[in-house]
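Here's the structure we're looking at; comments come further down.
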Amino acid sequence: MFEHKFKIDGFTDYVRKAAADGAVLLKNNNNTLPIKKNEEIALFGRCQIDYYRSGTGSGGSVNVPYTVNALEGIKNNKDIRYNRYLADLYKDFVQNNPFDNGGGEWAAEPWFQKEMPLTDELVSKSFITSDKAIIIIGRTAGEEQDNDFIKGSYCLTDIEEDMIDKVSKVYNKVTVVLNVSNIIDMSWQDKVSAILYSWQGGIEGGNALADIISGRVTPSGKLIDTIASNIDDYPSNKNFGDSISNKYQEDIYLGYRYFETFNRDAVLYHFGFGLSYTEFIVKEISSTLLNVEKDPILSTTFSVQNIGSQYSGKEVVQLYYSAPQGKLGKPVKELGAFAKTKELRPGEIQQLTLELPIKQIASYDDTGVTGNPFCYILEEGDYKFYIGNSINNLKKLESLSDYSLNEDIVVEQLNEACCPQISFDRIKPKINPNGSYSVTYEAVPTRKGDLKKRILDWCPKDIIITGDRGIKLTDVKNGTNTLDEFIAQLSKKDLETIVRGEGMSSPKVTSGTAGAFGGVGDSLLKLGIPLGCVADGPSGIRRDSGEIAVQIPIGTLLASSWDVSLVKELYTFVGKELVLNEIDSLLGPGINIHRHPLNGRNFEYFSEDPYLTGEMAKAVTLGLKDGGSTGTVKHFACNDQEHNRAVVDSVVSERALREIHLKPFEMVVKEGDASSIMTAYNPINGIWTASNYDLNTTILRKEWGYKGIVMTDWWAKMNDPVVGGVATPKQTASMVKAQNDIYMLVNNFGAEVNSFKDDISEALNSGRLSIGELQQCGKNICNFLINSKAIDRPIILGSKVVECKSEIDNSENQLDIGQELLIESKTDFKLKLIVDKPGEYDLVTYMKYDANPSAQSACTLFLNSKYITNIQLNGTFGNSVKEKNIKVRLDRGSYTMDLKFTKPGLEIHSISFILN
Ligand code: BGC
């Protein structure tokens with residue numbers, strides 16, 4: 001029924017390559033892996049068939065052309081023999097116990113699938129022919145549902161544990177493959193001889209897995225998070241999951257920064273660690289400080305040699321630094337740079353150079369303890385540098401003495417911004433006499449500055465409204481007119497309209513996508529402002545209308561490759577697919593920090609480390625641009641838990657914000673050519689991010705020099721940018737004041753008529769908001785569109801009309817469909833329609849969805865097998881709503897109307913075709 005546009009040469013091969021390169025081998029005793037050609041494997045676990053290609057929610061809902069599961073991947077790989085009897089048993093089991101999607105509604109899918117119980121007899125029987133066992137364990141997670149520290153989520157279920165026990169009693173070479181969205185509890189790890197985190201590899205995941213276990217590809221992934229023995233070892237654990245306030249007491253001591261400084265013993269698998277089938281030796285050749293007088297850069301050149309004799313492979317070399325404790329306190333080690341070698345044959349050597357600008361290792365003083373408040377400072381003392389292949393296997397650079405400073409150096413003076421309004425305690429290291437560190441706490445400073453004054457002082461000046469002078473947006477693109485001259489033509493109403501996005505599944509843009517923005521009203525279109533289109537992301541194009549796209553591996557897997565050029569190349573393919581589908585921005589990358597292992601959306605994000613995250617983010621945005629589109633970097637910022645995500649306050653110090661949580665955003669803005677950012681659902685220190693002036697203006701635009709657009713997350717809330725207080729989704733004036741440009745979303749066709757009843761008009765009339773503030777948002781939006789492919793698309797005034805041919809012309813049957821078709825359906829159905837009066841019909845649906853407003857549901861309407869439109873609805877708490885949809889031109893004759901529920905939940909009462 002659809003025109004499939006997913007075929008881009010080389011794309012799926014590249015997905016396979018990326019999926020294999022991000023797999024992390026944590027354990028491989030007695031050469032359990034790879035499987036040799038003469039060995040047969042017994043595959044256990046239903047996820048060999050019910051392979052998870054991604055997590056759930058907006059980041060996972062790609063309609064795919066196919067998925068290669070693990071069993072198929074192994075079948076496809078002629079180097080591997082597998083136990084067919086066992087595979088058939090699993091096939092039967094899966095057939096009789098089908099995948100449980102929780103009913104298909106939003107955030108309803110369980111974290112795990114019921115496993116097939118094993119008997120000792122069955123395992124022993126498999127051992128008659130099989131040499132080694134592979135157990136595949138799967139987990140999912142996603143938007144609006146964190147993981148939980150329970151069996152079936154973070155922990156194994158009893159049946160899974162029993163499977164490991166029974167299999168490892170019989171086989172001495174047992175590999176556990178973790179097809180997971182996130183790290184999981186590993187208390188069972190001693191029972192097996194090999195462990196591979198293969199994560200979720202997109203549509204080619206099964207082939208990639210088979211490549212690794214057969215030895216066609218040597219694993220080269222490294223851990224992006226620290227795996228600790230117990231969940232309570234993670235310093236964020238005591239605050240994560242609160243419904244109201246999530247205090248970031250760990251401050252900058254997150255992940256390995258905490259464990260290295262305070263508790264190495266708690267670590268089971270270290271950050272940066274991953275095994276290979278071969279071995280490498282890293283030798284420092286020379287290290288030096290370049291540009292010593294001005295902005296020094298540490299440069300280290302080293303060689304990496306594959307010293308194995310059998311397998312080719314790649315190695316990741318990591319450079320860490322250790323800054324003096326000083327007055328501020330520092331983690332013992334921090335990642336400063338990294339590089340991955342090419343594929344090295346046995347014996348082959350590659351020489352690489354890593355560079356680390358010294359100012360990158362400065363720390364932020366949010367208390368003034370150094371005498372330089374709100375500055376990035378290099379504190380006096382000795383800075384040490386190390387290279388190696390994990391944080392646990394490092395050598396100090398030898399050919400360079402420590403970088404020593406005998407006084408503090410101010411690297412950058414910034415503004416007090418986004419500070420907590422109420423103090424709380426955060427971790428600070430205390431040095432013990434033996435040189436180790438223990439955890440102590442200090443009070444986090446609170447906001448002192450006059451934010452109200454800052455907003456007034458920096459308020460954009462009004463541009464005098466001229467009305468339509470015939471200047472089109474293309475005239476600005478061509479350099480005939482300035483953006484100011486263009487924007488001056490927009491009336492107050494136009495300016496109100498332009499800051500509203502429409503959707504989801506706007507019929508005005510590519511079907512089934514997340515949103516439309518820009519020319520969302522007729523008078524905006526008349527001025528030549530095109531419609532921009534955005535779609536989820538990040539791991540492929542999500543289209544709720546059912547159209548397919550390539551699903552690539554999850555963010556966590558990609559970061560585990562530690563291969564920036566691989567990720568960039570992969571996203572270049574995605575960028576090309578976006579262009580083919582007329583989508584101007586992918587809603588991704590997601591670059592929140594893995595602050596806690598239970599965060600449900602960790603799979604979309606990259607790592608616990610901000611530098612690695614920032615490098616990956618840059619690879620994505622630059623790759624998408626190379627492909628011809630862009631990415632919308634999200635969720636700005638601190639959307640680090642899904643439970644109560646639109647309410648829970650991220651209470652965080654300015655230092656932790658800047659050094660950890662905002663750092664990847666800073667990197668992608670300054671070095672990744674980011675041109676679109678999405679704010680988050682949550683507040684930071686009492687002010688919701690969508691209306692957070694310091695976040696969107698002081699830091700993002702003034703300090704970092706960002707020139708792109710900022711959009712809210714879908715149906716986000718806002719509160720007052722200065723005093724905070726109660727948040728609602730209607731306070732769009734606060735969003736504009738903060739210079740977050742677009743409210744995503746009002747319903748389709750709702751922007752011009754303010755169907756959402758936001759407060760912009762009232763705020764303009766009362767003087768709470770200025771024309772200049774709205775004009776600045778309008779300029780940002782137009783500037784984005786000028787630089788996108790949208791500007792080259794034809795502008796259609798009035799609604800887009802879908803032409804549809806009848807099956808039988810001049811039918812004798814009479815049915816005036818300019819009336820309500822009463823339907824009352826929650827499930828797919830077909831209906832025969834006869835059109836007597838040819839013409840243009842408005843399609844209007846009357847429907848409800850008994851769920852909360854962040855739940856999403858959709859169905860697709862076809863006439864005579866032609867895709868007409870997607871009907872999308874968010875939870876209405878069961879209230880019925882009438883919504884205008886697309887226009888259809890119908891001939892006289894008969895039509896078969898097909899309604900397919902792609903995301904169940906919504907209930908249609910009626911569909912009307914109203915003759916214009
Ligand atoms: C998610 C975003 C997503 C948006 C559009 C929201 O629920 O938080 O990440 O891009 O929906 O689907």
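Quick note: the sequence shown uses our numbering, first residue 1, plus one each step. Built from N, CA and C at the ideal position, the CB exists for glycine as well. Note that the coordinates shown come from a computational prediction; the quantities given were computed from them, not determined experimentally.
Let me know the secondary structure DSSP gives residue i once reduced to three states.
| i | result |
| --- | --- |
| N810 | With a pLDDT of 49 at N810, under the threshold of 50, the modelled position of that residue is not reliable, and no figure is offered here. |
| S309 | coil |
| I660 | helix |
| T301 | strand |
| T712 | coil |
| A858 | strand |
| V170 | helix |
| S450 | Here residue 450 turns out to be Asp, not Ser, going by the sequence shown. It is coil, neither helix nor strand. |
| S761 | helix |
Is the Cβ-Cβ distance between residue i and residue j less than 8 Å?
| i | j | result |
| --- | --- | --- |
| S287 | L400 | yes |
| N306 | F280 | yes |
| E604 | G614 | no |
| N172 | T129 | no |
| A637 | I224 | no |
| P904 | E105 | yes |
| Y849 | L873 | yes |
| E416 | G449 | yes |
| E398 | E284 | yes |
| S214 | N31 | no |
| G600 | E642 | yes |
| E161 | E115 | no |
| I41 | I49 | no |
| K492 | L764 | yes |
| V170 | F127 | yes |
| T440 | K428 | yes |
| I568 | G623 | Note that residue 568 is Lys in the sequence shown, not Ile. Cβ atoms of K568 and G623: closer than 8 Å. |
| P445 | D366 | yes |
| I184 | L196 | no |
Applying the criterion that 16 or more other CB atoms from any shown protein chain within 10 Å of the CB defines a buried residue, is residue i buried or exposed?
| i | result |
| --- | --- |
| P117 | exposed |
| Y743 | buried |
| R469 | exposed |
| K830 | exposed |
| Q814 | In this prediction, Q814 scores a pLDDT of 44, lower than 50, which makes its location untrustworthy; the coordinate-derived value is nonetheless stated afterwards. Exposed, by the Cβ-count rule. |
| L822 | exposed |
| N207 | buried |
| G878 | exposed |
| E812 | Note on E812: pLDDT 46, under 50, position unreliable in the model; the coordinate value appears next. Label assigned to E812: exposed. |
| N182 | buried |
| E121 | exposed |
| L797 | exposed |
| N810 | Note that N810 has pLDDT 49, beneath the 50 cutoff, so the model's placement of it is unreliable and no number is given. |
Do residue i and the ligand BGC come close, with the Cβ less than 7 Å from some heavy atom?
| i | result |
| --- | --- |
| W688 | no |
| A514 | yes |
| E502 | no |
| S491 | no |
| E143 | yes |
| S854 | yes |
| W188 | no |
| L587 | yes |
| G537 | yes |
| S58 | yes |
| H909 | no |
Nearest chain B C-beta to residue i closer than 8 Å, yes or no?
| i | result |
| --- | --- |
| Q351 | This model lacks chain B altogether, as it is built from one protein chain only. |
Any heavy atom of the ligand ADP closer than 7 Å to the CB of residue i?
| i | result |
| --- | --- |
| H643 | This structure does not include the ligand ADP; its bound ligands are the ligand BGC. |
Counting pairs of beta carbons, one from the stretch 175-187 and one from the stretch 126-139, are three or more of them closer than 8 Å? yes
Are three or more beta carbon pairs between the stretch 303-318 and the stretch 239-254 nearer than 8 Å? no
With three or more C-beta pairs closer than 8 Å as the rule, is the stretch 670-689 touching the stretch 387-395? no
So does the stretch 650-660 actually touch the stretch 417-427, counting three or more Cβ pairs closer than 8 Å? yes
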